[in-house]
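Notes for the one structure printed next.
Residue numbers (our numbering): 5 to 109.
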């Protein structure tokens with residue numbers, strides 16, 4: 005199992021679409037930057053057949069230091085959440101996808 009990197013994605017765009025390597029890398033960077041900007045703004049990003057990225061707000065809560073047992077406050081924060089589409093889940097699990105409707109639309 006290998007890791008997919010920006011470079012490997014740009015190379016795949018280059019080989020499949022026919023753009024130059026530089027144009028492929030630029031296209032990938034623009035897409036990733038746009039997704040990041042939308043998430044920074046608090047917007048949800050839905051990619052049909054793939055999944056939904058969203059930002060969730062977690063409130064303040066009390067945690068405990070496991071070493072000392074002392075309670076410590078955990079400050080509010082934003083967390084990135086990804087929910088895969090039913091199509092992606094099925095593909096990952098090796099199930100046929102021809103009868104499954106996409107739930108990200």
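Positions of the beta carbon are idealized from the N, C-alpha and C atoms, including for glycine.
- Boundaries cannot be given for residue 23, as no alpha helix (DSSP H) includes it and DSSP labels it neither H nor E.
- The C-beta of residue 11 has fewer than 16 other C-beta atoms within 10 Å across all chains shown, which makes the residue exposed.
- Using a Cβ distance threshold of 8 Å, residue 40 and residue 28 do not count as a contacting pair.
- Put simply, the stretch 85-101 touches the stretch 48-65. At least three CB pairs are less than 8 Å apart.
- Residue pairing by DSSP puts residue 75 in a beta bridge opposite 68.
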